[in-house]
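Quick note on numbering: the sequence shown equals residues 1016 to 1468 in our numbering.
Cβ atoms here follow ideal geometry from the backbone N, Cα and C, with glycine treated the same way.
Just so you know, these numbers come straight off a predicted model, no measurement behind them.
The next block holds one structure in the form of structure tokens; read it before the comments.
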Amino acid sequence: MTFQSRAGAALAQWNQEHRLALITTSLLLAVQLSACVPARWPSADVESLSLLKQSPINCLLVDSAVWKSEFAAAAKGQGITVLATKQDGASLAVFEAPGGAALFTLTARAKMPIEHPGEVLGTTQGVWPGVRAEEKGAVQARPSSSPWVDTNSGFLRFTRSVTPPATALWLANTPPEKTILGAERYIQAVADAAMAGARWVVALDPGYWDLLRKGDEKAVAGWRRINAVLKFYEDHKDIATWPDFSGLAVLQDASSGALMSGSILDMIAAKHIPARVVTPERLPVAAPKDVRLLLNIDPSALSQEQKDAVRGVARKGATVLSGPPAWKMAIPEGDSITFPETSLKQMEEIWREINGVIGRRNFAARLFGAPSMLSNLKGDPTSGKLALHLVNYSDYPVENITVHLLGKYKSATLITPAGTKKLEIYDAEDETGIDLDKVTDVAIVLLEVSTVN
């Protein structure tokens, strides 16, 4: 046996033993890691656990410097797991208790072990979700001309598409410093991750936490709303983990910006155009079905096998839009997760070309009257049902939303934290129309197809 093969065998054995150790540890915890609804918890005061009554949060991440065994024991008695953490730059190591071996580490985006994920895969890096405003309060616009919504959803949708469904995907970014946020902003952070099949690690700003511990009426009411949205997504997590559904596919990987916020996928989402991510590596072995348009972001980076696979998609009837060299965005060095302002003109030119091909085509669903919202369409491969996820990134309800769905549907149900409601559907030429009176924070429209689309 060669040195390389011995080393490979040893590494494989270590990986297997490491996975078994993680599984064994997970079984000993009050809650298995994959089922954790996590939150950063700034206190090891047993009394603070009273805030978690009727909350779906069942996993607390406590800094090792303040971690206490009596707090962990009290939490376990309530079915809550307490994990210790240690921050090192952008990395957050997570332990069963201080001094032990790390169960997993939440890293910078570029350092995530996407190819070898464990029970939990995650990062501490994220933009803070919400409609971006200029200094004087005016809303900024994206290159797509829509209001600029800061979101992590494009990055998370890519990551979710390349990791096993059983792997929990965590986003552990923290609120802006020196700011006391309202409940709406935390709800947006929860939903921004959830509609991509991930979990945001709840983290309250110090000001909100202090108000909550003091029993401030507004803070307590907001905390109830935050927990209601957390429970909403946990109750419907099977729907949130369905794969993305669309006749538009984006061929993208880390080298073409998939780990960045504000990528081409985010620009498309800002126009309420559903899309699904396909990686160049997966294309030859798992070519997407029913694709009408394939955006080939960086053709020069494809291998011959991958180029042949692109041609195979075209032979099945799809239009292939291959980006010119000008489409290749320079990925910022280091741990940056957004493109610099100097790239804005290039992004505008890229969007102009993409939008010229997309036009007003309906790739599965189109939304009207929802400029401050983002949506994500998911489909269940088994039942054929679709789920349209809606997230409001403004601080006020969005009213009078119209949805046009490609094809014919026999029923539509609106699901919100407040309950469910059957929606009236109507014909709109070759499409099905649905009108929504109002979305306050989040909603899911569950759709049953009457004709195969």
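Exercise for review: Within its chain, find whatever has a CB closer than 8 Å to the CB of Gly-1197; leave out the 5 residues flanking it on each side and keep chain order.
Suggested key: Working through the sequence shown from its first residue, we reach residue 1197 at position 182. Closer than 8 Å at Cβ, skipping near neighbours: Gly-1237, Asp-1410.
Check: DSSP beta-bridge partners for Asn-1185?
Finding: Position 170 of the sequence shown holds residue 1185. Note on residue identity: the sequence assigns Trp, not Asn, to residue 1185. DSSP lists Gly-1137, Arg-1214 as partners of Trp-1185.
Where do the ends of the alpha helix (DSSP H) carrying Phe-1247 lie?
As a working note, residue 1247 is residue 232 in the sequence shown. Unbroken alpha helix (DSSP H) run through Phe-1247: 1232-1250.
Exercise for review: Report the three-state DSSP secondary structure of Arg-1497 (helix, strand or coil).
Suggested key: It is not possible to answer for residue 1497, since the shown part of the chain is limited to 1016 through 1468.
Notebook entry, point to check: Would you call His-1131 buried or exposed, if buried means 16 or more other Cβ atoms sit within 10 Å of its Cβ?
Noted result: Position 116 of the sequence shown, counting from 1, holds the residue named residue 1131. Looking at its Cβ environment, which holds fewer than 16 other Cβ atoms inside 10 Å, His-1131 is exposed.
| task | For His-1131, write down the residues that DSSP places opposite it in a beta bridge. | result | In the sequence shown, the residue the question calls residue 1131 occupies position 116. Bridge partners of His-1131: none, in fact.
**Request:** Give me the Cα-Cα distance between Asp-1442 and Gly-1422, rounded to the nearest whole angstrom.
**Result:** Along the sequence shown, one-based indexing puts residue 1442 at 427. Along the sequence shown, one-based indexing puts residue 1422 at 407. Approximately 9 Å between the Cα atoms of the pair.
Mapping DSSP to helix, strand and coil, what is Tyr-1201?
-> Residue 1201 sits at position 186 when you count from the first residue of the sequence shown. Looking at Tyr-1201 - three-state DSSP - the assignment turns out to be helix.
Open item on the list: Taking the straight line between their C-alpha atoms, what separation do you get for Ala-1099 and Gln-1047?
Closed with: As a position in the sequence shown, residue 1099 is number 84, starting the count at 1. As a position in the sequence shown, residue 1047 is number 32, starting the count at 1. Answer to the nearest angstrom: the Cα atoms are 15 Å apart.
Is the beta carbon of Ala-1211 sitting closer than 8 Å to the one on Asn-1073? The sequence position of residue 1211 within the sequence shown is 196, counting from 1. The sequence position of residue 1073 within the sequence shown is 58, counting from 1. No, the Cβ-Cβ distance between Ala-1211 and Asn-1073 is not below 8 Å.
- Message: If contacts are defined as beta-carbon pairs under 8 Å, then Ile-1254 and Tyr-1201 qualify, I think. What distance do you get, rounded to the angstrom?
- Response: Mapped onto the sequence shown, residue 1254 falls at position 239. Mapped onto the sequence shown, residue 1201 falls at position 186. No, Ile-1254 and Tyr-1201 are not in contact; Cβ-Cβ is about 22 Å, not under 8 Å.
Checklist entry - Is Pro-1258 near the ligand MG, with its Cβ less than 7 Å from a heavy atom? => result No copy of the ligand MG occurs in the structure displayed, which carries no ligand at all.
| Of the choices Thr-1178, Gln-1203, Gly-1092, Thr-1122, whose alpha-carbon is the least far from that of Gln-1102? | On the sequence shown, residue 1102 is found 87 positions in, with the first residue counted as 1. Answer by Cα proximity: Thr-1122.
**Asked** How would you call Glu-1085, buried or exposed, if buried means at least 16 neighbouring beta carbons within 10 angstroms?
**Response** Position 70 of the sequence shown, counting from 1, holds the residue named residue 1085. Looking at its Cβ environment, which holds fewer than 16 other Cβ atoms inside 10 Å, Glu-1085 is exposed.
* Asked: Within this structure, are the beta carbons of Phe-1170 and Arg-1124 separated by less than 8 Å?
  -> Residue 1170 sits at position 155 when you count from the first residue of the sequence shown. Residue 1124 sits at position 109 when you count from the first residue of the sequence shown. Yes. Within cutoff.
DSSP beta-bridge partners of Thr-1174:
Position 159 of the sequence shown, counted from the start, is the residue given in the question as residue 1174. Answer is none; Thr-1174 lacks a bridge partner.
Through-space distance from Ser-1358 to Trp-1080, alpha-carbon basis: Position 65 of the sequence shown, counting from 1, holds the residue named residue 1080. Position 343 of the sequence shown, counting from 1, holds the residue named residue 1358. Note that residue 1080 is Ala in the sequence shown, not Trp. The straight-line gap from Cα to Cα measures roughly 41 Å.
Review point. In this structure, does DSSP put Arg-1381 in helix, strand or coil?
Key: Taking the sequence shown and counting its residues from 1, one reaches residue 1381 at position 366. In the three-state reduction of the DSSP assignment, Arg-1381 falls in the strand class.
### Message
Taking the beta carbon of Pro-1144 as the centre, do at least 16 other beta carbons fall within 10 Å, making it buried, or is it exposed?
### Response
Locating residue 1144 in the sequence shown gives position 129, counting from the first residue. Looking at its Cβ environment, which holds 16 or more other Cβ atoms inside 10 Å, Pro-1144 is buried.
Tell me whether the region 1263-1270 and the region 1301-1310 touch, counting them as touching only if at least three CB pairs, one residue from each stretch, are closer than 8 Å. yes
TODO: From the DSSP output, in three-state form, read off Glu-1062 for me.
DONE: The sequence position of residue 1062 within the sequence shown is 47, counting from 1. Helix.
- Query: Which same chain residues, not among the five before or five after Lys-1083, have their C-beta less than 6 Å away from its C-beta?
  - Reply: Reading the sequence shown from its first residue, position 68 is the one you call residue 1083. Cβ neighbours of Lys-1083 beyond the five flanking positions: Ala-1059.
What separation, rounded to the nearest whole angstrom, lies between the Cα atoms of Val-1454 and Glu-1414? As a first step, residue 1454 must be located in the sequence shown, where it is residue number 439. As a first step, residue 1414 must be located in the sequence shown, where it is residue number 399. Approximately 6 Å, taken between the alpha carbons.
| Which parts of the region 1340-1390 are runs of the beta strand (DSSP E), unbroken and 3 residues or longer, counting only runs that do not cross its ends? | 1380-1383
Looking at Phe-1260: is its Cβ nearer than 8 Å to the Cβ of Lys-1393? Here residue 1260 refers to the residue found at position 245 of the sequence shown. Here residue 1393 refers to the residue found at position 378 of the sequence shown. In contact: Phe-1260 and Lys-1393 (Cβ atoms closer than 8 Å).
Would DSSP call Ala-1080 helix, strand or coil? Residue mapping note: residue 1080 aligns to position 65 of the sequence shown, counting from 1. Ala-1080: coil per DSSP, three-state reduction.
* Over what stretch of residues does the beta strand (DSSP E) that includes Lys-1437 continue unbroken? -> By one-based count along the sequence shown, residue 1437 stands at place 422. Note, Lys-1437: beta strand (DSSP E), 1434-1438.
Worksheet entry | Asp-1350 versus Glu-1296, Leu-1274, Ile-1365, Val-1292, residue with shortest Cα-Cα distance | In the sequence shown, residue 1350 corresponds to position 335, counting from 1. Of all alpha-carbon atoms in Glu-1296, Leu-1274, Ile-1365, Val-1292, the one lying nearest the alpha-carbon of Asp-1350 is that of Leu-1274.
### Query
Can you give the Cα-Cα distance for Leu-1462 and Thr-1256, rounded to whole angstroms?
The residue given as residue 1462 occupies position 447 in the sequence shown. The residue given as residue 1256 occupies position 241 in the sequence shown. Roughly 16 Å between the two C-alpha positions.
Quiz item: Is Val-1454 helix, strand or coil when you go by DSSP?
Solution: Within the sequence shown, numbered from 1, the residue matching residue 1454 stands at position 439. DSSP places Val-1454 in the strand class (E or B) of the three-state scheme.
Worksheet entry | Distance between beta carbons of Pro-1057 and Val-1217, contact taken as under 8 Å | Translated into positions along the sequence shown, residue 1217 becomes position 202. Translated into positions along the sequence shown, residue 1057 becomes position 42. That pair is no contact at about 11 Å.
Fill in: Exposure label - Ala-1234; buried when at least 16 CB within 10 Å
To locate residue 1234, count along the sequence shown from 1; it is residue 219. Burial call: buried.
| request: For Ala-1211, decide whether its Cβ has a neighbour in chain B, counting only Cβ atoms nearer than 8 Å. | output: The question asks about chain B, but that chain is absent: this structure has only one protein chain.
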